[in-house]
């Protein structure tokens, strides 16, 4: 039965009308995948050379095992945010007399046949053939390859499970990811050397091949963990029976006390909470919040203030930029209804404006926690936060009126180019580069802290001019509203 289902899945792909209508796009996408595969293959062949040049006094194989934990976690994060798992493939079979256990096994087995699982093998196998086998011997080399293959499969099923759990219990998954990021921080600061422990465990398995049994048990554990979750949540009312829907929106109702603006803000928050693509894009912001850690050490040595500013700008503005590039396109399915009703466009735009204020204030507050690591980072965070609150927020609102491409928020974010056009690239470049460029020019004239004061001052002026700026954006929206409505209907 599972074999037949896999054959059906293959035929549905090659016979799809979408494949034939978008042949040129698929060819370009295929060439891009081939390019990535060749890069991974080249990385496998030259990884020992790269490691030897970077760490001349260390053994490349030992170094690889030391970095292996971070490679695994990076792969897990990539799968969680980007890999599209085939959950909807069983939708047409649910009403047929097919045992559901076959459908769930089919989903899990099909997830293995993904190009994401092939990529790691493209640099593992060449590295093993060039370094591991000559250095450790044939038996240990095959044990090492088998162990890494088990880790790849474990990552695949664990990401599947976390992605399904994110739909049912998003706060629990976000908390788990934040805790994992905290452990990584402890390892980087050498408080808890997890990467060293992991490398030692890999060395033990190589010396004692019976340790592969533990790897196999981990794969089976992740497999049946996901299988059990799929069985519990086969039906939509499985979540409703736990009161999940009632809890997920109850807190948003308090916003209605702020009038129409609060109601529009409530709708924006519900749309993020209930739909896959915006929720996944904003969840990625949690990872970006840890980006400034890459420059904190250099800044401790009195260097790298410009680079640290850029990283804080990216961490603070990322949720607003990723959600804001489709700000009006999120409403494309019912945009005509908005125009047909007695809606105040000023209040409609203010709801989105206050969503940006909420997101930016939240990320700025979280970045202020970097002050526990280095108090000198606080003025950088405040300057970046004020600039985004007083300048970037208006720029994102203004540029959103030029995105005439409709977006379905219920679709996955993985390889989804829906809604992406030239205006998105025009939007993102100034959002990330304008504050850094203003700082770079000002710092040559008034010094680093003077440049930060200018950034913060410009942001405060923008906040003071909120009413005038929103009126300007409202007039822009009214000029573009019929163009947007006509474009959204072309879907």
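Numbering (my numbering), first residue to last: 167 to 657.
Cβ atoms here follow ideal geometry from the backbone N, Cα and C, with glycine treated the same way.
Candidates 294, 457, 326, 478: which alpha carbon is nearest residue 387's?
When C-alpha distances from residue 387 are compared across 294, 457, 326, 478, the shortest belongs to 326.
I need the straight-line Cα distance from residue 344 to residue 452, nearest angstrom please.
Our two residues, residue 344 and residue 452, have alpha carbons roughly 8 Å apart in a direct line.
Which residues in the same chain as residue 372 place their Cβ atom closer than 7 Å to its Cβ, once the five residues preceding and following it in sequence are excluded?
For residue 372, where only same-chain residues beyond five positions count, the Cβ hits under 7 Å are 302, 306, 309, 310.
In or out: residue 610 buried (at least 16 other Cβ within 10 Å) or exposed?
By the neighbour-count rule (16 or more Cβ atoms within 10 Å), residue 610 is not buried but exposed.
In terms of alpha-carbon separation, which member of 501, 505, 494 lies closest to residue 563?
Of the listed residues, the one whose Cα sits closest to residue 563 is 494.
Between the Cα of residue 484 and those of 497, 202, 524, 507, spot the shortest distance and give me the residue it belongs to.
Checked all of 497, 202, 524, 507; the closest Cα to residue 484 is 524.
Can you name the start and end residues of the alpha helix (DSSP H) that residue 372 belongs to?
Counting along the chain, residue 372 sits inside the alpha helix (DSSP H) bounded by residues 360 to 373.
Do the region 519 to 538 and the region 602 to 609 make contact, defined as three or more Cβ pairs closer than 8 Å?
Cβ pair count under 8 Å is below three, so no.
Please classify residue 490 as buried or exposed, where buried requires at least 16 other C-beta atoms within 10 Å of its C-beta.
Buried is the call here.
C-alpha gap between residue 621 and residue 615, whole angstroms:
Taking the straight line from one Cα to the other gives about 10 Å.
Please confirm whether residue 560 and residue 639 have their CB atoms less than 8 Å apart.
Contact check for residue 560 against residue 639 passes: the beta carbons are separated by less than 8 Å.
Using a Cβ-Cβ cutoff of less than 8 Å, which residues in the same chain neighbour residue 349 once the five nearest sequence positions on both sides are dropped?
358, 360, listed in sequence order.
Check the C-beta distance from residue 552 over to residue 625 and give it rounded, since I have them as a contact under 8 Å.
That pair is a contact at about 3 Å.
With distances taken between CB atoms, is the gap from residue 385 to residue 319 smaller than 8 Å?
It is a contact, given that the beta carbons lie within the stated cut-off.
Going by DSSP, what residue range makes up the alpha helix (DSSP H) through residue 562?
First-last of the alpha helix (DSSP H) with residue 562: 559 to 566.
Cα-Cα, which of 323, 557, 228 is closest to residue 277?
Ranked by Cα distance from residue 277, the options 323, 557, 228 are led by 323.
Quick one: Cα of residue 206 to Cα of residue 514, how far?
Near 47 Å, if we compare the C-alpha coordinates of residue 514 and residue 206.
DSSP state of residue 540, grouped into three classes?
Correct three-state label for residue 540: coil.
I need the straight-line Cα distance from residue 408 to residue 441, nearest angstrom please.
Low local confidence applies: a pLDDT of 44 at residue 408 is under 50, so the model's placement there is unreliable, with the coordinate-based value given in what follows. Our two residues, residue 408 and residue 441, have alpha carbons roughly 19 Å apart in a direct line.
So residue 643 and residue 492 are in contact, right, with Cβ under 8 Å, and what is the actual spacing, rounded?
In fact, because the Cβ distance is near 15 Å, the residues do not count as touching under 8 Å.
Provide the residue span of the alpha helix (DSSP H) that contains residue 569, from first to last.
Segment: none, residue 569 is in no alpha helix (DSSP H) and carries neither H nor E.
Whole runs of the alpha helix (DSSP H) within the region 498 to 550, excluding any shorter than 4 residues:
Whole alpha helix (DSSP H) segments, 4+ residues: 501 to 506, 511 to 533.
For residue 544, count the other beta carbons within 10 Å of its own beta carbon; 16 or more makes it buried, fewer makes it exposed. Which is it?
It counts as exposed.
Put residue 613 into one of helix, strand or coil per three-state DSSP.
In this structure, residue 613 counts as coil in the three-state DSSP scheme.
Whose CA, out of 521, 635, 317, 627, lies closest to the CA of residue 379?
Ranking 521, 635, 317, 627 by Cα distance to residue 379 puts 317 first.
Helix, strand or coil for residue 301, going by three-state DSSP, please let me know.
Look at residue 301 here: in three-state DSSP terms it is helix.
Identify which residue in 210, 233, 282, 650 has its Cα closest to the Cα of residue 365.
The residue with the shortest Cα to Cα distance from residue 365 is 233.
Alpha carbon of residue 619 to alpha carbon of residue 612, nearest angstrom:
Their backbone Cα atoms lie some 10 Å apart in a straight line.
Hey, residue 246 and residue 328 are a contact pair by Cβ (cut 8 Å); roughly how many whole angstroms apart?
6 Å between Cβ atoms; contact.
If we count the other Cβ atoms within 10 Å of its Cβ and call it buried at 16 or more, is residue 648 buried or exposed?
Counting Cβ neighbours within 10 Å, residue 648 comes out exposed, since fewer than 16 surround it.
How many whole angstroms separate the CB atoms of residue 138 and residue 550, which I take to be in contact at a CB cut-off of 8 Å?
Nothing about residue 138 can be read from this structure; the chain reaches only from 167 to 657.
So, helix, strand or coil for residue 236, using DSSP?
DSSP places residue 236 in helix when its eight states are reduced to three.
Proximity to residue 238 [Cα-Cα], best of 617, 517, 454, 283:
Among 617, 517, 454, 283, the Cα nearest to that of residue 238 belongs to 283.
Backbone secondary structure at residue 627 - three-state DSSP
DSSP places residue 627 in helix when its eight states are reduced to three.
Residue 187: buried (16+ other C-beta within 10 angstroms of its C-beta) or exposed?
The predicted position of residue 187 is uncertain, since its pLDDT is 49 and thus under 50; no value can be drawn from it.
Please state whether DSSP places residue 493 in a helix, a strand or coil.
DSSP places residue 493 in coil when its eight states are reduced to three.
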